[in-house]
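Visitor: Each residue of the sequence shown is one higher than the one before, counting from 65 in the working numbering. In this text, a Cβ means the ideal position worked out from N, Cα and C, and glycines have one as well.
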Amino acid sequence: MSNHYNDLWNNVLEVLRAQYDDELYNDTFLPCNQLYKFDKNTFYVRVPTEFHKARIEQFYIKRIIENIQKVTGHNYDVKFVTDEYIKNDETIPISEPDPQFLKLYRGNLKATYSFDNYVVGPSNRLAYMLSLQIAERPGLVANPLYIFGGVGLGKTHLMQAIGNFALDNNPQTRVLYVKTEKFIEDFVQIVVREKKDLEFKTKYRDIDILLIDDIQFLAGKERSQLEFFKIFEELHNMNKQIVITSDRPALELKDMMDRLTSRFEWGMQADIKYPDFNTRLDILKKKMASERMDFESIPPEIVEYIATKFSTNIRKLEGALKRVLFYATMNNEEYSIELAKEALASILPENNVENNFEISNIQRVVAEYYRVPVEMLSSKSRKKEFVYPRQIAMYLTRTLTNHSFPKIGKDFGNRDHTTVMHAIDKINKHLEFDVNLKKDIDKLIKKLK
Ligand code: ADP
Ligand code: MG
C-alpha cells in the first residue's frame, strides 16, 4: 500500500485519538489502522469483524468524514471492509500515482494557475463559472468549452486551473495541457517524420482532459487540422473533456476547416473581456498578497495609478506592479506617485498621455466613431441613435478610468449613478454575444491609447 494515503489515514486516526478518550480509541479506532486501498477518492479501511464495521458506521462515520476533510482538504469517502470483502475484491488495489505519471500529467501545468489565484469580475465571470463546473465534472457539463479573448486576459490561467483542480480532486485524472504550436510540432515530428503513430495516439488520446491553448495557430495547417479533428471526435465520443482557448470566436477563425469550427460550437463558448477598474485593483492586491508583501506600506494611490494606466492586458498590469516595486528597492526610495511614474515612464502603453482617458476625450472619440454630435452624449435625448453611443462611452469610461459611477453620471449630462450602472451592465451583456460590438470596442480602445 502506498505511503501517501497510508500517511493520510494515520493522520486521520491521530486526530481521532485526540478527540476520544483512550479506552474508546483503543477499542474502536486502533483496530482500523490498516488501510486496504485507496480507490476512486475512497479510503478502504480494514476492520476485524462485521460487528466492528457496523458499530463504526452507526456511531462514528460522520466524525471520521469530517476529519478526513480536515486532514486532506478533500471530500474523500471512507468504507470499512472485512477480510471477506478483501478476499472477493477483484480490483487491484490502487496506489498513489507513480512519479512518472505525475510528471506526465501534472508536469506541464503551472501550479499557481489555480482558481484560488484567479480574481473574478464582470469581465470573466461566465468563463470562470463554466470552467469551475467543468473541472468538477469533466466531460459532463459542456464539451468542448471554448474560451476566447484578447492577449493577457487570463485564458491560459483559467484553462490550467481546470487541469489543476481536476487533478487535485482525483489524482488519477490524466490531464494534457498543450499549446497549439506544440501540437503541430508533435504531429510533424512524431507522425509525419518518424511515423510513430502509436506514440502520438497514446499521448493525445489516452487522456481524460485535453487543454489546447491558442487554437487560432492551427490556421492554414490543413494536415494538423485533420489530425486534430480526428482526436476531437474520438475524445468527444468517449466523453473526455476538451477545453480550447482562442483569440476570437470559433466562427471567426480563419483558414480553418468548417467541420472543426462547427464542432467548437457544440459545447459552450465564453469570452473574457477587459477587466474593469475594480477587478484590476483586486488583481493587484491579490498579487501583492500572494507574494507576501506588506502592501500596507504601499500607498493606495500607486496601486490605483497602475490600475488606471494598464487596462487591457493583465500580464502588463502585473508587470507594471513588479517594476514599481523593484524600482523602489533598487533606488532605496520611499513609495510615491512620482516614483511610480518614473518607474513606468518607459513602458506606459504608447501615447498614453494621461489626457487621453479624460472623459471629454472618450466622448469625442466615441461620438466621431458613431458619427453623432458629441453634445448628444450628454443630452437628455432618448433616441436610439444617441443612447447606444452614450452607453458605450460610459462603458469605456468605466473600463479605462477610475471614475466613480456618480462622477460618470455627472459628466454625461447630470445623470443618476444607477443609470450609469444600468448602461454598463447592458453593454456587458451585449458583449456576451455581439461580436461586432466587441470589435467596435476594441477599435475605440485602440484609438484612445
Ligand atoms: P492569456 O492566456 O489570455 O494571454 P494568461 O492566462 O497568460 O493570459 O494571463 C496573463 C497573466 O495574468 C498571468 O500571469 C495570469 O496569472 C494573470 N491573470 C490573468 N487573469 C487573471 C485574473 N482574473 N486573476 C488573477 N490573475 C490573472
Ligand atoms: Mg495564453
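Which whole-angstrom value is the C-beta distance of residue 292 and residue 299, which I expect to be below 8 Å?
Guide: Wrong, their Cβ atoms sit about 10 Å apart, outside the cutoff.
Visitor: Given a cut-off of 8 Å on the beta-carbon distance, is the pair residue 307 and residue 208 in contact?
Guide: Result yes, Cβ atoms of residue 307 and residue 208 sit closer than 8 Å.
Visitor: Exposed or buried, residue 277, counting other C-beta atoms within 10 Å across all chains shown (16 or more means buried)?
Guide: So residue 277 ends up on the buried side.
Visitor: Can you list, in chain order, the residues of its chain whose CB lies under 8 Å from that of residue 443, leaving out five sequence neighbours each side?
Guide: Within the same chain, residue 443 has close Cβ partners 450 and 477.
Visitor: What's the C-alpha gap between residue 289 and residue 346?
Guide: Cα-Cα distance, rounded: 39 Å.
Visitor: Answer with buried or exposed for residue 221, where buried requires no fewer than 16 other C-beta atoms within 10 angstroms of its C-beta.
Guide: Classification of residue 221: buried, given that the 10 Å Cβ count is 16 or more.
Visitor: Going along the chain, which unbroken runs of the alpha helix (DSSP H) with 4 or more residues stay wholly within the stretch 390 to 456?
Guide: Entirely contained in the stretch 390 to 456, the alpha helix (DSSP H) runs reaching 4 residues are, in chain order, 401 to 408 and 423 to 434.
Visitor: Comparing C-alpha positions only, which one of 296, 310, 280 and 334 sits nearest to residue 319?
Guide: Checking every option, the nearest Cα to that of residue 319 belongs to 280.
Visitor: Hey, is residue 308 close to the ligand ADP, as in C-beta under 7 Å from one of its heavy atoms?
Guide: Every heavy atom of the ligand ADP is 7 Å or more from the Cβ of residue 308, so no.
Visitor: Expressed to the nearest angstrom, what Euclidean distance is found between the alpha-carbon atoms of residue 427 and residue 475?
Guide: Using only the alpha carbons, I get a separation of about 10 Å.
Visitor: Inspect the CB distances between the stretch 184 to 195 and the stretch 244 to 262 and report whether three or more fall short of 8 Å.
Guide: These segments do not touch.
Visitor: If you pair each beta-carbon of the stretch 334 to 351 with each one of the stretch 490 to 501, do three or more pairs fall below 8 Å?
Guide: Yes, the stretch 334 to 351 touches the stretch 490 to 501.
Visitor: Smallest Cα separation from residue 384: which of 364, 303, 397 and 407?
Guide: If we check each option's Cα against that of residue 384, 407 comes out closest.
Visitor: With a threshold of 7 Å (Cβ to nearest heavy atom), would residue 242 be considered close to the ligand ADP?
Guide: Because no heavy atom of the ligand ADP lies under 7 Å away, the Cβ of residue 242 does not count as near it: no.
Visitor: Where in the stretch 108 to 187 do unbroken runs of the beta strand (DSSP E), each at least 3 residues long, occur, reported from the N-terminal end onward?
Guide: Qualifying beta strand (DSSP E) stretches, in chain order: 141 to 145.
Visitor: So, are the CB atoms of residue 169 and residue 225 less than 8 Å apart?
Guide: It is not a contact, given that the beta carbons lie outside the stated cut-off.
Visitor: Terminal residues of the continuous alpha helix (DSSP H) containing residue 499?
Guide: Start and end: 499 to 512.
Visitor: From residue 322 to residue 431, what distance separates their C-alpha atoms?
Guide: The alpha-carbon atoms of residue 322 and residue 431 are separated by roughly 38 Å.
Visitor: Confirm, please, whether the CB-CB distance from residue 146 to residue 111 is below 8 Å.
Guide: It is a contact, given that the beta carbons lie within the stated cut-off.
Visitor: Does the beta carbon of residue 181 fall short of 7 Å from some heavy atom of the ligand ADP?
Guide: True, at least one ligand heavy atom lies under 7 Å from that Cβ.
Visitor: Starting from residue 458, follow its DSSP beta bridges and name the residues at the other end.
Guide: DSSP lists no partner for residue 458.
Visitor: Whose C-alpha, out of 498, 210, 511 and 365, is nearest the C-alpha of residue 466?
Guide: Out of 498, 210, 511 and 365, 365 has the C-alpha closest to the C-alpha of residue 466.
Visitor: DSSP beta-bridge partners for residue 317?
Guide: DSSP lists no partner for residue 317.
Visitor: Would you mind listing the beta strand (DSSP E) stretches within the stretch 76 to 110 that are 3+ residues and don't spill past its ends, in chain order?
Guide: Entirely contained in the stretch 76 to 110, the beta strand (DSSP E) runs reaching 3 residues are, in chain order, 99 to 103 and 106 to 110.
Visitor: With hydrogens ignored, establish whether the beta-carbon of residue 378 is closer than 7 Å to any heavy atom of the ligand ADP.
Guide: Answer for residue 378: yes, Cβ within range of the ligand ADP.
Visitor: I'd like to confirm something about residue 502: is its beta-carbon nearer than 7 Å to some heavy atom of the ligand ADP, or not?
Guide: No; taking the cut-off as 7 Å, the Cβ of residue 502 has no heavy atom of the ligand ADP nearer than that.
Visitor: On a CA-only basis, which of 102, 100 and 124 is nearest residue 88? Give me that one, please.
Guide: If we check each option's Cα against that of residue 88, 124 comes out closest.
Visitor: Taking three-plus beta-carbon pairs below 8 Å as touching, is the stretch 70 to 84 in contact with the stretch 129 to 145?
Guide: Yes, the stretch 70 to 84 touches the stretch 129 to 145.
Visitor: Here's a check: name, in chain order, each residue in its chain whose Cβ is nearer than 6 Å to the Cβ of residue 382, leaving out the five neighbours to either side.
Guide: Closer than 6 Å at Cβ, skipping near neighbours: 351.
Visitor: Cβ of residue 218 versus every heavy atom of the ligand ADP: is any distance shorter than 7 Å?
Guide: Yes - the ligand ADP has a heavy atom lying nearer than 7 Å to the Cβ of residue 218.
Visitor: Do residue 262 and residue 378 have their C-beta atoms within less than 8 Å of each other?
Guide: No, the pair does not count as a contact, with Cβ atoms beyond the cut-off.
Visitor: Assuming residue 18 and residue 273 form a contact by the criterion Cβ under 8 Å, report the distance between their Cβ atoms to the nearest whole angstrom.
Guide: Limits of the chain in this structure are 65 at one end and 513 at the other, which puts residue 18 out of reach.
Visitor: Nearest to residue 106 by CA position, among 118, 140 and 79, is which residue?
Guide: Of 118, 140 and 79, the residue nearest in Cα terms is 140.
Visitor: In whole angstroms, what is the alpha-carbon distance linking residue 486 and residue 457?
Guide: Using only the alpha carbons, I get a separation of about 13 Å.
Visitor: Whose CA, out of 389, 240 and 394, lies closest to the CA of residue 404?
Guide: Residue 404 has its Cα closest to that of 389, out of 389, 240 and 394.
Visitor: Can you tell which of 213, 120 and 370 has its C-alpha closest to the C-alpha of residue 314?
Guide: Of the candidates 213, 120 and 370, the one whose C-alpha sits nearest the C-alpha of residue 314 is 213.
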